[in-house]
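Reading the sequence shown from the start, the letters are residues 491 to 562 in this note's numbering. Beta carbons are placed, not taken as given, at the ideal position from N, Cα and C, and that holds for glycine. Given the structure is predicted, the values throughout are model-derived calculations rather than measurements. Please read the structure below before turning to the comments.
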Amino acid sequence: RPHNPEHKAPGAKDLVYLEPSPGFCEKNPRLGIPGTHGRACNDTSIGVDGCDLMCCGRGYRTQTMFVVERCN
Numbered sequence: 491r492p493h494n495p496e497h498k499a500p501g502a503k504d505l506v507y508l509e510p511s512p513g514f515c516e517k518n519p520r521l522g523i524p525g526t527h528g529r530a531c532n533d534t535s536i537g538v539d540g541c542d543l544m545c546c547g548r549g550y551r552t553q554t555m556f557v558v559e560r561c562n
């Protein structure tokens, strides 16, 4: 049964975790977790590469880059 009553119960083909996952925000060499400090993120993404999720609420700096490429 889900913790949040607004969520539906898992189905027969849903993956259910019995133990909580370790935190991936902070470095943990014992578990081989590099942490997320200093990684590049996508400011406009709401996915796992997005800054809000990847930076774990710590905040982040933005940088504008202009790339000039030659045309064929």
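**Study point:** Closest Cα partner of Leu508 within the set Pro500, Phe514, Cys515
**Key:** Pro500
Check your understanding: So Pro512 packs on Leu521, CB below 8 Å; how close in whole Å?
Key -> 6 Å
Exercise for review: Identify, in the order they occur along the chain, each residue of the same chain with its Cβ nearer than 6 Å to the Cβ of Met544, setting aside the five sequence neighbours on each side.
Suggested key: Thr526, Cys531
Review point. Considering Leu543, what are the terminal residues of the alpha helix (DSSP H) in which it resides?
Key: 541-544
Exercise for review: Going by DSSP, name the residue or residues bridged to Asn518.
Suggested key: Ile523
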